[in-house]
Structure formats: C-alpha cells, structure tokens
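Read left to right, the sequence shown gives residues 6 to 346 (our numbering). What follows is a short report on a single structure.
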Amino acid sequence: MSKIFPSNPVPNAAGIGLRSQHIGEMLSRRPSAGWLEVHAENYMGGSAAVDALERLRESYPLSIHGVGLSLGSSSGLDRDHLERMRKLCLRFQPSLVSEHLAWSVADGAYLNDLLPLRYDAQALAIVATNVLRLQDTLQRRVFIENLSAYIAFEGSTMTEAEFLAELVRLTGCGLLLDVNNVYVSACNLGFDAKAFIDQLPAHAVGEIHLAGHAVNEVEGDIVLIDDHGSRVPPAVWSLYAYAIRKIGHRPTLIEWDTDVPALDVLLGEAMWADLLGQSIAFEDRMLAARPASQTSRFEAMVLPLQPASTKGPMPALAALATIKPSVFANHPRARRSGHAF
Numbered sequence: 006m007s008k009i010f011p012s013n014p015v016p017n018a019a020g021i022g023l024r025s026q027h028i029g030e031m032l033s034r035r036p037s038a039g040w041l042e043v044h045a046e047n048y049m050g051g052s053a054a055v056d057a058l059e060r061l062r063e064s065y066p067l068s069i070h071g072v073g074l075s076l077g078s079s080s081g082l083d084r085d086h087l088e089r090m091r092k093l094c095l096r097f098q099p100s101l102v103s104e105h106l107a108w109s110v111a112d113g114a115y116l117n118d119l120l121p122l123r124y125d126a127q128a129l130a131i132v133a134t135n136v137l138r139l140q141d142t143l144q145r146r147v148f149i150e151n152l153s154a155y156i157a158f159e160g161s162t163m164t165e166a167e168f169l170a171e172l173v174r175l176t177g178c179g180l181l182l183d184v185n186n187v188y189v190s191a192c193n194l195g196f197d198a199k200a201f202i203d204q205l206p207a208h209a210v211g212e213i214h215l216a217g218h219a220v221n222e223v224e225g226d227i228v229l230i231d232d233h234g235s236r237v238p239p240a241v242w243s244l245y246a247y248a249i250r251k252i253g254h255r256p257t258l259i260e261w262d263t264d265v266p267a268l269d270v271l272l273g274e275a276m277w278a279d280l281l282g283q284s285i286a287f288e289d290r291m292l293a294a295r296p297a298s299q300t301s302r303f304e305a306m307v308l309p310l311q312p313a314s315t316k317g318p319m320p321a322l323a324a325l326a327t328i329k330p331s332v333f334a335n336h337p338r339a340r341r342s343g344h345a346f
C-alpha cells in the first residue's frame with residue numbers, strides 16, 4: 006500500500022526538476038537539493054517511477070507541476086484527469102501544485118503543446134471557473150504559470166500580466182513566475198519584460214522557474230524557443246535578479262527537459278540561483294541597516310543589472326558580475342585590513 010506523506014514545506018531555496026535519467030542517482034546519492042518538482046502526468050499510474058518518488062519524497066520537499074489540465078478550455082476540465090490529479094496530490098501531499106495558463110484540449114483531442122489564450126473578459130471567465138474547480142477539488146491553492154509566447158491574439162484587451170492579476174483577484178490562486186518564459190515572450194513579441202513583472206501582484210507569486218532557451222533565425226528574424234535545453238542564460242539570470250528584488254526571494258526551480266545533462270549540472274545551476282538570491286538578500290539587509298543619509302552613497306556602489314554576454318561555461322557569473330563584487334571595498338575596516346568583503 007502506498008504511503009500518505011505529511012506536507013513538507015518547500016524551502017525558500019532552489020530545487021531541480023526530477024527527470025527519469027536522474028532517479029537512480031538521486032536514490033543512491035541523495036545529493037543536496039532544496040526540493041524536487043515532477044510533472045504530474047508522469048506519476049498518475051503505477052510504475053517504478055512512482056515507487057521511486059515515494060522514497061525520494063521522504064528526503065526532499067515536493068512540488069507537483071501539471072501540464073495537461075488545459076485551464077483555458079471552454080469545455081471545462083476533464084473529470085477523469087482532475088480525479089487523477091486529486092489522488093496524486095492526496096498521496097504525495099506536495100507543498101506546491103501548479104499548472105499553466107494555457108489550453109491543450111480541443112473537441113476531446115489532446116494536443117502535445119501548451120497553447121496561448123486571447124486575453125479578454127470571456128477567456129478570463131473560463132479560466133477562473135476552471136481554476137476555482139481545480140482548487141475546490143484539490144482543497145488547496147494552485148499556482149498558475151505564465152506561458153512562453155510566439156504569437157499574440159489581436160483581440161486581446163489586456164496583457165498576460167494583467168490577465169494573471171485579475172485571475173488572482175477572482176480565484177485567490179497563486180502565481181508561478183517563469184522568468185525564462187517572460188524573457189522569451191518579451192523578445193518575441195516586443196514588450197518590456199521588467200514591466201511584465203511589475204504588473205504582477207507580488208504577494209501571489211509563490212514559485213519561480215528558470216530555464217534555458219534556443220535562439221533561432223527565421224526569415225531574418227530572431228525567434229526564441231522555450232526548449233528547456235541549456236543552461237540559464239545571462240539575460241535570464243539578470244531578469245531573475247530584477248524579479249527577486251521586486252517581489253522578494255521565492256522557491257526557484259531549475260527546469261531542463263531536452264538534452265538533459267548530468268545531474269551535477271542541474272545541481273550546479275540551482276547553486277547559482279541560491280548564490281544570486283543570497284547575494285541580493287545580503288545587499289538588501291545592508292541597505293536596510295544603513296542610515297538614510299548614507300543610502301544613496303551605498304546604492305551608487307551597486308551596478309544596475311544589464312543583460313550580459315551569453316558566452317562562457319557559467320552564465321550565472323555574468324549575472325552576479327552585474328552586482329559589484331567590491332560593494333564594501335571602501336568600508337573603513339576593509340581599508341584598514343586590506344581585505345574586501
């Protein structure tokens with residue numbers, strides 16, 4: 006008989022998406038990882054992977070990420086799929102449950118994609134109804150993820166960020182901020198990525214996703230593809246830094262779904278996310294402790310975040326470099342000792 010696990014809160018740290026290639030190594034090594042996230046649809050049946058997840062669940066906090074509920078479908082949620090999700094959440098008691106602001110079902114046919122919505126009042130009513138049903142069924146708050154986009158509907162009357170903010174107001178749902186998706190969509194559609202983040206209700210953001218993307222040239226235009234197949238690039242790290250400055254540090258996931266590398270690469274990316282978040286938190290604490298008369302001088306020591314070159318094996322270093330490492334080099338004690346903090 007399967008176990009029923011107590012809820013184990015996801016820490017305010019970086020975790021990794023659990024992929025089948027790494028399950029055996031995770032079981033044998035039990036490496037340090039803040040938490041694990043799995044795709045719900047991979048664990049709804051009985052399999053060796055489900056048994057392995059039960060064992061890993063004893064060591065790691067868990068998030069369940071749905072990809073097939075099709076919250077944008079006007080026909081409503083599939084009853085059987087919803088029931089499988091309910092049983093999965095009851096069994097594993099994840100701290101976080103999330104789904105996408107997308108649709109993937111039409112006339113009973115499941116499409117292997119997450120498709121965008123028209124952002125207007127009619128679509129908002131449909132998604133809100135489906136989110137309320139999902140939350141009522143699971144008896145928990147669900148976090149809704151923004152989508153990567155390649156086209157936009159002319160009939161939209163609000164931005165995706167405004168749509169998400171209204172969805173939070175109507176349903177009480179949370180938000181999963183996928184920073185890579187924001188960056189990809191902003192580049193493809195020509196909007197301001199930072200303004201998108203500014204429009205979100207910060208209190209509702211309970212999780213952040215980071216990933217890599219592909220850069221393609223199509224008829225002379227550059228199109229970014231959200232393929233989750235590489236390291237987090239510097240520009241996404243920089244946008245992540247902006248996000249956590251704006252909304253605060255949140256549990257952050259490293260996603261990698263294609264060309265999946267060795268486990269240590271994912272763990273290394275999670276380490277960089279933790280390091281960047283901790284660096285910003287430390288800087289914020291020092292700013293808060295400074296007398297008001299000295300704050301402007303301190304802020305002048307910190308370089309603004311700028312997208313960095315995508316070259317180099319450790320892109321996170323480029324993002325960290327945008328925060329001046331010698332912030333305290335002019336501190337009197339540093340000058341006396343000859344050391345920088």
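Positions of the beta carbon are idealized from the N, C-alpha and C atoms, including for glycine. Because the structure is a prediction, the values reported are computed rather than measured.
Residue 288 counts as buried, since no fewer than 16 other beta carbons sit within 10 angstroms of its beta carbon. The residues 13, 14, 15, 16, 40 and 100, in chain order, have a CB closer than 7 Å to that of residue 66 in the same chain once the five nearest residues on each side in sequence are set aside. Rounded to whole angstroms, residue 242 and residue 256 show a C-alpha spacing of 15 Å. Taking the Cβ atoms as the reference, residue 57 lies roughly 15 Å from residue 93, outside the contact range of under 8 Å. Linking residue 185 to residue 151 through their CA atoms gives a straight-line distance of about 10 Å. Secondary structure note for residue 221: its beta strand (DSSP E) is the uninterrupted segment 219-223.
Around the Cβ of residue 21, a 10 Å sphere holds 16 or more other Cβ atoms; the residue is buried.
Relative to residue 147, the option among 165, 210 and 129 whose CA is nearest is 210. Residue 196 and residue 60 have their C-alpha atoms some 44 Å from each other.
Assignment of residue 19 by DSSP, reduced to helix, strand and coil, places it in the strand class. Going by beta carbons, residue 205 and residue 180 fall inside the 8 Å limit. Burial is judged here by how many other beta carbons sit within 10 angstroms of a residue's own beta carbon; residue 239 has at least 16 and is buried. Looking at the DSSP output, residue 42 sits in a beta bridge with 22 and 68. When secondary structure is reduced to three states using DSSP, residue 211 falls in the strand class.
Pairing residue 193 with residue 296, the inter-Cα distance amounts to about 43 Å. In this structure the stretch 215-229 does not lie against the stretch 162-176, because fewer than three pairs of beta carbons, one per stretch, are closer than 8 Å.
A straight line joining the alpha-carbon of residue 232 with that of residue 262 spans about 7 Å. If you draw a straight line from the Cα of residue 89 to the Cα of residue 189, it comes to about 32 Å. For the options 18, 130, 253 and 272, the alpha carbon positioned closest to that of residue 24 is the one of 272. A Cβ-Cβ distance of about 4 Å is found for the pair residue 19 and residue 275, placing them in contact under the 8 Å criterion. In the structure shown, residue 147 adopts coil according to DSSP, grouped into three states.
Burial state of residue 107 is buried, judged by a 10 Å Cβ sphere holding 16 or more other Cβ atoms. Per the DSSP secondary-structure output, residue 259 pairs in a beta bridge with 21 and 215. Just so you know, the alpha carbons of residue 124 and residue 27 end up roughly 38 Å apart. Here residue 62 is buried: its Cβ has 16 or more other Cβ atoms, across all protein chains shown, within 10 Å. Under a 10 Å Cβ-count criterion, residue 109 is classified as buried, with 16 or more other Cβ atoms of the shown protein chains found around its own Cβ. Taking each of 38, 29 and 87 in turn and checking the Cα distance to residue 279, the smallest one comes out for 38. In this structure, 198 is the residue among 84, 198, 226 and 87 with its C-alpha nearest to the C-alpha of residue 251. By the C-beta density criterion, residue 77 is buried, having at least 16 other C-beta atoms within 10 angstroms. Classified as buried, residue 191 has 16 or more neighbouring CB atoms from the shown chains inside 10 Å of its CB. The beta carbons of residue 129 and residue 168 sit about 6 Å from each other, so the pair counts as a contact at 8 Å. Taking a C-beta distance under 8 Å as the contact criterion, residue 119 and residue 72 qualify as a contact pair.
If the five residues before and after residue 143 are omitted, its C-beta is found closer than 8 Å to the C-beta atoms of 90, 91, 94 and 102, all from its own chain and listed in chain order. For residue 103, the uninterrupted beta strand (DSSP E) segment begins and ends at 101-105.
Residue 70 places its beta carbon less than 8 Å from that of residue 42.
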